[in-house]
Each structure stands twice: as C-alpha cells, then as structure tokens.
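Reviewing the structure listed below.
Chains as they are written, first to last, in the numbering used here: chain A, 1 to 324; chain B, 1 to 273.
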C-alpha cells in the first residue's frame, strides 16, 4: 500500500492566552489519497479552517503546532518558511472562502494567475505563462478567457471570481487542493458550476481534494469520505455513505437530523441546543456531553478517544451500542 | 465621454484648485517669454502704489511687485515638490517597513516618528535650518525632516489594515515571498491617502518655506521668494501693496492644493458617493 497523499496525525494547535495556552485543535487525524475527496464538516469554530492553515504553515509563529503533517511521506511541520514556500501553491493549493476579497483588486485576473505561475516556474516566459493563464481560465469554464484575463476582479461576477480562484490554484498542477468553503458565498446555480469544475479536475487529473464546508448536502454529493469535526477534534470519520446511513456519533446524528427535507413538511427544524464549548471552557469529559441527549455517567468524566467501530472511526463511548 | 464623467465627479472645488495650480505651473514655465520687467532690476520709482505700468506697485528698490511675485513661484513650487516627493516616498517607505515587519523595527521607526512630531513643525524646521545655515537648500532639508513622519504614520496604518486582507493570505498560500507580498499585494492598495496628503502638503510646504524665508532662514535677498518679499514689505507698513502680491500668491497656492487634495480624496475614497 502506498502512502496517502496527505496524512495528518495527532495535530494539535494551541494559542498563547492570558490564562496559559488554549488548545484549539486536540489531536486531529485524517488522510486523503490521490483522486479522493474528503469532506471536512463542522460548526463554525470547530477547527476546520485552523486545520487547513496549519497544513499550509500559515499560522503565526506564536501559535504552537505539534503532531505530523506528511505530504507524500514528507514531513511539513517544522520546515522553514523558505522550504514551505516551495509547497504552497505548487504541491498544495488553497481556495479561499470569499471570492470577493481573496483576489487582489488592483491587478487584472490574468496577471494574478501569471504571477501564481511565475512564482514557482520563473523560467517560464511571460508569454507562455500568459497563454497558460488563459488556458486555465478556459478550463474553469470562463467564457471568452482571452478578454476576461485582462479584466479586474470587480468586472467578474462572484461565481466567475471563485472559478478564477480555482484557475489560480491549479496554475502549478498541485497534487492536493484545499477548498475552504468554496461555495458558501455563492448562490445555488453557481455552486453547481464550481462543484462541477472541481469534480472534473479530480476525475481528469487525480488530485486529492479537501472540501471544508458546513453544507452536508454538498458533502453527500461530492465527498468519498467525511470527517466530522467538533470542538477541535474529528469525532467521526468514515466513507460518505457510512456517515449518512450509519452515523455513529450522536453529534453526527443530530447534524443530519437538523437538515431540512424536501419531502417532509415540518414547522420547526431540529436543532442542537447550546453552543460548542470554547477552548477555554471545555468540560472534563466528552466535549459534546453538555449538548448530548444520550450521555451516560462516563461521558462527563472521561474524554472519549477516536477508535475504530465497524467501518468508522468514532470518538464516543457509546459508538458501538446505539444502532441508529 | 469618459473624461467628461471624471470631470463631473471631480466637483467644483477640485476644478478650481486644479485651475489655480495649472495657472501657477504655466506661469513658472513661461514667464521668461512674456515678462515685461526683470525681477531683479529697477523698473520704476520706488514704493509707487498700483498703477497701469505696475499693477501691484513697486517695492522699496523700485522693482515691480507683480513680476517678482510671479517669478516667486519658480522657487516655491519646485522646492515644495521636491520636499513632498522626498518626504512622502521616504516616510511612506519607512512606515510600510514598520507596519509590515513589526516588532523592534516598528518600535524604533515609530518612536522616531513620535519624537519628531512632538516638536511644533515650524520650531523644528527653524532649529534644523539654523543649525545647517540659512538658504533655500537647507530649508528644504529641514522641511523634509519635519514632514516625513506623517507619511510614515499614514502608511503604517494602511499597511496594517491591508495586510489582514484575505487576498494577502491567498498570495502567501500561493507561495509568494515577503517582498513580493509587500510590493505587489499590499503597497498598491495603500497609496491613495498618501497621495491625498501629499497634495495637501504641497500647499503647506509652500507656506512653511515662506515662513522660514520670512524670518530670514530660507531664501536670501534679492531672491524673489514670497516669504522673503513679505518680510521686505512688512517694513514698509503704509505701502500695503508690497506685501499684498506675495501674500495673495501664497493664499492662492495653498488654497489651490487644498481644494485639489480634498477633491482627490473624494475621488479616491471608495466610500464616497
């Protein structure tokens, strides 16, 4: 068996704070194989984006990151800024959440893509880079790419900007693409276009994709595997169908239950009472226990570690006893 | 059509300011071609009130006040331009470094800014000129010394705001190095308040240069420099016209640049309608 494309092991991230250090990520484990889509799901503040920023080495030096992040077997954590720069944008590319603010407003789109290319391929002539930029725009279904390349971001619609961002991320043929809520800022029809583009790239180029989102519908449609995050930990991880048909963590079940359905007329949507605990006030036992409806005595005393149950990795004491 | 639209957006004050500045620039460039008198030689009887031959009268030596005033712009404008270009570029560069690098570098540069700004500008400029010796060149150096800190502060604040923009993080995530991030992704978004301030400063520097000359630290006689001319006119109290010409000149230039700067701010500020 070959090594996974990216393998994250026991990733911990902590911030300096007035009262000592706050641990925001507490042992995150997952991996993504080439050509695979991992859906990373969780509420705001559960640590999704933080996980991605630590993979990219984008966190400020005051933040302590421990554990292991291996790209094709190569350790990324602890590498120098200089060394990391050779990975960023070339082997791992990232698509940011908000296409409105993630492009430089004063540089034409085409030039921004040319720049992304030339950072990693300085030997390429400007003309060749330009041709490649236009080609990339065409690949993400931007009409009239030649003319569009000369336009500024404000002349693009939201969906086109997001696709331009994808074009930029693909500039150097990355092996891994991290998309941080790539469709949250877009309306539904545009979402479909963007997803279609990413789906095609995975098929045709076999790149690995980490899709950060809180859109479970999107995950169900696109992802091969799903990792559910809660309070800085992956609480459940399995193949997408496993997670949707046999959710083993109470949090996953409640998340799924809170989804509105087309075929069912309900007055109130199911909610999960309460809010996720902040890193400063995490309960001693399971972080989800205060909001959980299925707690036993052990839950408030003993923090459950992720373990293999059936085909899923779950962090719950009762994972094997409650069949959904 | 596009030019017309821009003209309409500029508004009246900016157009007036632009015309005033344009007037002085044209005068500075062409005065040799049409001036009826030499600014240094005696053109008529001394201390005559305004007349048909001398529209703003003559000064204590019998030189034409209007012509000397018009010639004066050849000293004021280039000096102001030089001082503003040097201090805005220098100050902005230091401010950008302070904001981007942070830490000790930031602390050192910004304390220097605080110290400089803790003196009244005119006093510090006087002290520096006095130390270097009178003359327009030294006055220019002194004016650079007093005017760079504002640019450093402006630029630092801009850089601190812009570096948090998401596209900066996106550029870093694309593998861009520090220098590239600063020069391509931060600085191009920072210059508009600096430009506005520089435009306004042009007028202020003209005024400051005139002040230094007025107290004898700037231009030396017989240079037709406005501050210097007002100083000469102040002696002849009852011959009000001697000081009137250069006084009006300073007023119009400062007003012109302020209008221009105000208009520029409205034009460059994305929040204005």
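The beta carbon of each residue, even a glycine, is placed where N, CA and C say it ideally should be. Computed from a predicted model, the values in this text were never measured in an experiment.
(1) Using a beta-carbon distance cut-off of less than 9 Å, what residues from the stretch 163 to 195 of chain B approach chain A?
(2) DSSP beta-bridge partners for residue 94 of chain A?
(3) Excluding five sequence neighbours on each side, which residues of the same chain lie with their C-beta closer than 8 Å to the C-beta of residue 1 of chain A?
(4) Please report the straight-line C-alpha distance between residue 267 of chain B and residue 275 of chain A, rounded to a whole angstrom.
(5) Go ahead and label residue 104 of chain A buried or exposed: buried means 16 or more other beta carbons lie within 10 angstroms of its beta carbon, across all protein chains shown.
(6) Just checking my contact of residue 163 of chain A with residue 141 of chain A at CB under 8 Å: how many whole Å lie between their CB atoms?
(7) Got a sec: is the Cβ-Cβ distance from residue 98 of chain A to anything in chain B below 8 Å?
(8) Quick check: what's the CA-CA separation for residue 191 of chain A versus residue 159 of chain A?
(9) Applying the criterion that 16 or more other CB atoms from any shown protein chain within 10 Å of the CB defines a buried residue, is residue 273 of chain B buried or exposed?
(10) Could you tell me the boundaries of the beta strand (DSSP E) in which residue 65 of chain A lies?
(11) Pull up the CB-CB distance for residue 241 of chain B and residue 65 of chain B, whole angstroms please, since I reckon it's below 8 Å.
(12) Where does residue 270 of chain A land, buried or exposed, given buried means 16+ other C-beta within 10 angstroms?
(13) At 4 residues or longer, and completely inside the stretch 173 to 223 of chain A: list those alpha helix (DSSP H) runs for me, N to C.
(14) Within the 8 Å Cβ cut-off, does residue 102 of chain A reach chain B?
(15) 8 Å is my cut-off, CB to CB: does residue 158 of chain A come that close to chain B?
(16) The alpha helix (DSSP H) with residue 146 of chain A in it runs from where to where?
(17) Between the beta-carbon of residue 41 of chain A and the beta-carbon of residue 214 of chain A, is there less than 8 Å?
(18) Among residues of its own chain, excluding the 5 on either side of residue 129 of chain A, which ones have a beta-carbon nearer than 6 Å to its beta-carbon?
(19) Among the residues of its own chain, which have a CB less than 6 Å from the CB of residue 27 of chain B, if the five just before and after it don't count?
(20) With distances taken Cα to Cα, identify the nearest neighbour of residue 93 of chain B among B:200, B:35, B:52, B:158.
(21) So the candidates are A:223, A:314, A:75; which of them puts its Cα closest to the Cα of residue 247 of chain A?
(22) Please check if any C-beta of chain B sits within less than 8 Å of the C-beta of residue 120 of chain A.
(23) Have a look at the DSSP bridge pairing and note the partners of residue 14 of chain A.
(24) With three or more C-beta pairs closer than 8 Å as the rule, is the stretch 152 to 168 of chain B touching the stretch 99 to 112 of chain B?
(25) Checking the sheet assignment: what are the DSSP bridge partners for residue 64 of chain B?
(26) Determine which residues share a DSSP beta bridge with residue 227 of chain B and list them.
(27) So what's residue 79 of chain A in DSSP terms, helix, strand or just coil?
(28) Just list the residues that DSSP pairs residue 37 of chain B with in beta bridges.
(29) Compare the beta carbon distance of residue 203 of chain B and residue 254 of chain B with 8 Å and say whether it is the shorter of the two.
(30) Applying the 10 Å Cβ sphere with the 16-neighbour rule, what's the burial state of residue 146 of chain A?
(31) Is the beta carbon of residue 279 of chain A less than 8 Å from the beta carbon of residue 232 of chain A?
(32) Output, in sequence order along the chain, the residues in the stretch 69 to 95 of chain A whose CB is closer than 9 Å to any CB in chain B.
(33) So which residues on chain B does residue 56 of chain A lean against when the C-beta distance must stay under 7 Å?
(34) Would you report the Cα separation of residue 7 of chain A and residue 153 of chain A, rounded to the nearest angstrom?
(35) Closest by CA to residue 198 of chain B, which one among B:182, B:87, B:25, B:46?
(36) Taking only runs that begin and end inside the stretch 98 to 160 of chain A, name each unbroken alpha helix (DSSP H) of 4 or more residues, in chain order.
Inspection of the coordinates gives the following:
(1) Under the 9 Å Cβ criterion, the stretch 163 to 195 of chain B contributes 165, 166, 167, 168, 169, 170, 171, 172, 173, 174, 175, 176, 177, 178, 180, 184, 185, 188, 189.
(2) When beta bridges are read from the DSSP output, residue 94 of chain A appears opposite A:178.
(3) The pLDDT assigned to residue 1 of chain A is 49, lower than 50, so where the model puts this residue is not dependable; a value taken from the coordinates is nonetheless given after this. Same-chain partners within the cutoff: there are none.
(4) So the alpha carbons of these two residues sit roughly 45 Å apart.
(5) Its Cβ being crowded by 16 or more others within 10 Å, residue 104 of chain A is buried.
(6) Here residue 163 of chain A really is in contact with residue 141 of chain A; their C-beta atoms are around 7 Å apart, less than 8 Å.
(7) It does: the Cβ of residue 98 of chain A has a partner Cβ on chain B nearer than 8 Å.
(8) Taking the straight line from one Cα to the other gives about 8 Å.
(9) Bear in mind that a pLDDT of 47 at residue 273 of chain B, under 50, signals an unreliable position, so the number given afterwards is only what the model happens to contain. Counting the other CB atoms within 10 Å of its CB gives residue 273 of chain B a total below 16, which places it among the exposed residues.
(10) Going by DSSP, residue 65 of chain A is part of the beta strand (DSSP E) stretching over 64 to 71.
(11) With a Cβ gap of about 6 Å, residue 241 of chain B and residue 65 of chain B count as contacting.
(12) Per the 10 Å Cβ criterion, exposed.
(13) Runs of the alpha helix (DSSP H) inside the stretch 173 to 223 of chain A: 188 to 205, 216 to 222.
(14) Yes, its Cβ sits closer than 8 Å to a Cβ of chain B.
(15) So, not an interface residue.
(16) First-last of the alpha helix (DSSP H) with residue 146 of chain A: 145 to 148.
(17) Residue 214 of chain A is positioned such that its CB atom lies closer than 8 Å to that of residue 41 of chain A.
(18) Result list for residue 129 of chain A: 114, 117, 118, in chain order.
(19) Correct list, in chain order: 70, 73.
(20) Out of B:200, B:35, B:52, B:158, B:158 has the C-alpha closest to the C-alpha of residue 93 of chain B.
(21) It is A:314.
(22) Chain B contact via Cβ: present.
(23) Bridge partners of residue 14 of chain A: A:23, A:64.
(24) Yes: at least three Cβ pairs fall under 8 Å.
(25) Beta-bridge annotation (DSSP): residue 64 of chain B is paired with B:58.
(26) In the DSSP output, where bridge partners are listed per residue, residue 227 of chain B has none listed.
(27) Shown here, residue 79 of chain A sits in coil according to DSSP, grouped into three states, outside any helix or strand.
(28) Under DSSP, residue 37 of chain B takes part in no beta bridge, so it has no partner.
(29) Yes.
(30) In this structure residue 146 of chain A is exposed. Its beta-carbon is surrounded by fewer than 16 other beta-carbon atoms within 10 angstroms.
(31) Against a cut-off of 8 Å, the Cβ pair of residue 232 of chain A and residue 279 of chain A comes out as a contact.
(32) Against chain B - using a Cβ distance shorter than 9 Å - the residues of the stretch 69 to 95 of chain A are 81, 82, 84, 85, 86, 87, 88, 89, 90, 92, 93, 94, 95.
(33) The answer, in chain order, is 173.
(34) When rounded, the distance between both Cα atoms is 35 Å.
(35) For the residues B:182, B:87, B:25, B:46, the minimum Cα distance to residue 198 of chain B belongs to B:87.
(36) Runs found: 109 to 120, 126 to 139, 145 to 148.
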